[in-house]
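**Q** The working numbering numbers the first residue of the sequence shown as 2 and each following residue consecutively. Note that CB positions come from ideal geometry on N, CA and C, so glycine has one too. Here it is, the structure in full.
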Amino acid sequence: MDKVMLKDGIHWVGAIDWNLTNFHGYLTQRGSTYNAYLIQDEKTVLIDTVKAPLFDEMWTRVKELIDPSKIDIVVSNHVEMDHSGALPRVMEELPKAKVITSPQGEKGLKRHFKKDYDFQVVKTGDSIKIGKRTLHFFLTPMVHWPDNMVTYCPEEKILFSNDAFGQHIASTERFDDQCGWDILREEAGKYWANIVMPYADQVQTALKALGGLDIKLIAPSHGVMWRGMIPKILGEYQKWSTNTTEPDRALIVYDTMWGSTERMAMALRDGLLSAGANVTVRNLKHKDISDIMTDLLTSRMVLLGSPTLNNGMLPSMGAFLTYIKGLKPKNRIGFAFGSYGWGGQSVGEMEEVMKGLGWEIPLEGAKLKYIPDDKELDDVKAIGRKLGERLKGGR
Ligand code: FEO
C-alpha cells in the first residue's frame, strides 16, 4: 500500500475514497480522501481515523509500518464520522489506547459510539510529550463543528489541521506541488463555500491563534498536504473568511419555465458585460447548487432570477436559497428578476432572502409579464449596465 512519509517516523496512513460523488449533499466529482497520520516516537500516535467502511485500507497501511497493537494514543481532532467512523474498530484492536480529544469531542464521541474509552480531554495550550516530539493542541470550535481541534508538532513544524485547509480530491498524489494550484484552489474553495463559510468569524479567530506558529507542512484530513503553497492557501483563507470577493465579478443564477426569465438573464448579462464586469451565468436546471456556491464565493454581485409559479419562486430557486441561507455569504450586492403571468411574487420573495442575509439591494427587482418584447429586454439590459457600472465603480 502506498503509505507516504511526511518526515522520518511520520506517515500518512489514510484512505482514498475514489467513488465518493456526494458528501452530504455536496457533489464531490473528484472523490475524496480521509487522512490519518501515524507518528512513531517513544509513544506511537495515530492522528484521526477514516470513514468506517475504509478501516481495512487504513489498517493495512498501518500494519506495513508497525504492529498496530503498539499504538498508544489516538488523537481525535474531530467527531464527524468521516474521521471518527473507524474509531470503534480501531479501539477494538487497541483496548488500552488513550483517546485524546477536546471537551466537546469527548461528549460527541460518547454520543456517537456509546463507549467510554480512556479519554484524555485537552484544551488550547495543552501539550503532551511523546518522546523527542511534543504535540500541542488548539481548540478550533465551529471550524466547523463544536468539537474541532487541531494538533501541532513544533519539532517537525507540522500542523494536523483536520477539516481546515481540506479539499475533496481523491488522488495518489499527497502533496500540493504534485497537483497544481488551479485544481487545489478550486477544490479548497468549493470546500470552504459549502462547509466552512458560515463559520468565517471563527476561522478568523483560529487564523489569529495559529498565526504565531512556524508551519512548514499543513496536513489536513481531506485531500493533499500543503508544503509548497502554504502562503497561497493561507491568503485564500484570509480572503474567504473576511468575505472578500472579486470586486467586478457578477453571478447570475436563474431557472426558467418557458424561457422568459432566461431571456431576462441574458439581457442582464449583456448589460453587465457592456459595463466591463466579469459575469458567470448558471441555470439551476443544469448546475448543482454546491458548484454554484463555488462561483458565489468570489462574486461581489449576485443576480437571482425565477418566474412566479403558484404565487412564489420556482422550487429549484427555493432550494438554492434555503442552502445559501444556511451558508450565510455576506457582503454581497443583490438583484432579483423574473417573469410572471398574473401574480409576480417571486421577485419579492428572492429580495426578502437577500435582505435577510444583509445584502445590499441597490435597484428594485425587474418583473416582466409573460413574454418580454425587444423594448422590455433593452430596458433589462440597461439595468444590467447600471449594475455593472456600480461594480466597476467599486462601491
Ligand atoms: Fe471532514 Fe467535518 O468532517
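What do you get for residue 322, buried or exposed, if any count of 16 or more other CB atoms within 10 angstroms of its CB means buried?
**A** Buried, because 16 or more other Cβ atoms sit within 10 Å of the Cβ of residue 322.
**Q** Please write down, chain order preserved, every residue whose beta carbon lies under 5 Å from a heavy atom of the ligand FEO.
**A** Cβ-based neighbours of the ligand FEO within the cut-off: 81, 83 and 164.
**Q** How big is the Cα-Cα spacing for residue 143 and residue 200?
**A** If you take the alpha carbons of residue 143 and residue 200, they lie about 6 Å apart.
**Q** By Cβ distance below 6 Å, which residues in the same chain neighbour residue 16 in space, the five residues on each side in sequence not counted?
**A** Only 35, 51, 55, 58 and 59 meet the Cβ criterion.
**Q** Taking only runs that begin and end inside the segment 235 to 291, name each unbroken alpha helix (DSSP H) of 4 or more residues, in chain order.
**A** Counting whole runs of 4 or more residues, the segment 235 to 291 contains the alpha helix (DSSP H) stretches 261 to 275.
**Q** Classify residue 174 as helix, strand or coil using the three-state DSSP reduction.
**A** Coil.
**Q** Buried or exposed for residue 207, please, with buried defined as at least 16 other CB atoms from any protein chain shown within 10 angstroms of its CB.
**A** Its Cβ being crowded by 16 or more others within 10 Å, residue 207 is buried.
**Q** Taking all protein chains shown into account, do 16 or more other C-beta atoms lie within 10 angstroms of the C-beta of residue 22, making it buried, or fewer, making it exposed?
**A** Looking at its Cβ environment, which holds fewer than 16 other Cβ atoms inside 10 Å, residue 22 is exposed.
**Q** DSSP state of residue 361, grouped into three classes?
**A** Three-state result, residue 361: strand.
**Q** When you compare only the Cα positions, how much space is there between residue 319 and residue 70?
**A** The straight-line gap from Cα to Cα measures roughly 52 Å.
**Q** DSSP puts residue 6 in a beta bridge; with which residues?
**A** BP columns for residue 6 point to 12.
**Q** With contact counted as at least three CB pairs below 8 Å, one residue from each stretch, are the segment 215 to 222 and the segment 30 to 44 in contact?
**A** Yes: the two stretches touch, three or more of their Cβ pairs being nearer than 8 Å.
**Q** In the DSSP output, which residue or residues are listed as bridge partners for residue 389?
**A** None, per the DSSP bridge assignment.
**Q** Would you mind giving the Cβ-Cβ distance between residue 150 and residue 195, rounded to the nearest angstrom? I have them listed as a contact below 8 Å.
**A** The pair is not a contact, with the Cβ atoms about 22 Å apart (cut-off 8 Å).
**Q** As a quick exercise: from 109, 100, 132 and 108, pick the residue whose alpha carbon is nearest that of residue 120.
**A** That would be 100, whose Cα lies nearest to the Cα of residue 120.
**Q** Tell me, which residues are paired with residue 1 by DSSP?
**A** No statement about residue 1 is possible, as the shown extent of the chain runs from 2 to 396 and does not include it.
**Q** Starting from residue 89 and walking both ways along the alpha helix (DSSP H), at which residues does that stretch end?
**A** Run containing residue 89: 88 to 94, per the alpha helix (DSSP H) assignment.
**Q** Residue range of the beta strand (DSSP E) that residue 327 falls in?
**A** Segment 316 to 328 is the alpha helix (DSSP H) holding residue 327; no beta strand (DSSP E) there.
**Q** State the Cα-Cα distance for the pair residue 122 and residue 147, rounded to the nearest angstrom.
**A** Residue 122 and residue 147: Cα-Cα distance of roughly 14 Å.
**Q** Three-state secondary structure (DSSP) at residue 346?
**A** Residue 346: coil per DSSP, three-state reduction.
**Q** In the DSSP assignment, what residue or residues form a beta bridge with residue 154?
**A** Looking at the DSSP assignment, residue 154 forms a beta bridge with 159.
**Q** Counting pairs of Cβ atoms below 8 Å between the segment 155 to 171 and the segment 99 to 118, do you hit three or more?
**A** No contact exists between the segment 155 to 171 and the segment 99 to 118.
**Q** From which residue to which residue does the beta strand (DSSP E) around residue 336 run?
**A** First-last of the beta strand (DSSP E) with residue 336: 334 to 341.
**Q** Using the beta-carbon count (16 or more within 10 Å), is residue 18 buried or exposed?
**A** Under this definition residue 18 is a buried residue.
**Q** Which residue's Cα is closest to the Cα of residue 255: 117, 304 and 229?
**A** Minimum Cα distance to residue 255 is reached at 304.
**Q** Near residue 174, what residues of its chain come up, given a Cβ to Cβ distance below 7 Å and the 5 sequence neighbours on each side ignored?
**A** Closer than 7 Å at Cβ, skipping near neighbours: 180 and 225.
**Q** Applying the criterion that 16 or more other CB atoms from any shown protein chain within 10 Å of the CB defines a buried residue, is residue 83 buried or exposed?
**A** Buried, because 16 or more other Cβ atoms sit within 10 Å of the Cβ of residue 83.
**Q** Does the segment 356 to 371 come within contact of the segment 334 to 343, defined as at least 3 CB pairs closer than 8 Å?
**A** Segments in contact, yes.
**Q** Smallest Cα separation from residue 130: which of 26, 118, 152 and 140?
**A** The candidate whose alpha carbon is nearest that of residue 130 is 152.
**Q** Taking just the CA atoms, how far does residue 333 sit from residue 230?
**A** C-alpha separation (whole angstroms): 28 Å.
**Q** Are the beta-carbon atoms of residue 387 and residue 278 separated by less than 8 Å?
**A** Going by C-beta atoms, residue 387 is not nearer than 8 Å to residue 278.
**Q** Quick check on residue 294: does DSSP put it in helix, strand or coil?
**A** Here residue 294 sits in helix by DSSP.
**Q** Just checking my contact of residue 291 with residue 246 at CB under 8 Å: how many whole Å lie between their CB atoms?
**A** Not quite, the Cβ-Cβ distance comes to about 18 Å (not below 8 Å), so this is no contact.
**Q** In angstroms with no decimal places, state the Cα-to-Cα distance between residue 306 and residue 348.
**A** Roughly 8 Å between the two C-alpha positions.
**Q** Ends of the alpha helix (DSSP H) at residue 61?
**A** Per DSSP, residue 61 belongs to the alpha helix (DSSP H) from 56 to 66.
**Q** Can you check whether the CB of residue 139 is closer than 8 Å to the CB of residue 128?
**A** No, these two residues do not count as a Cβ contact at 8 Å.
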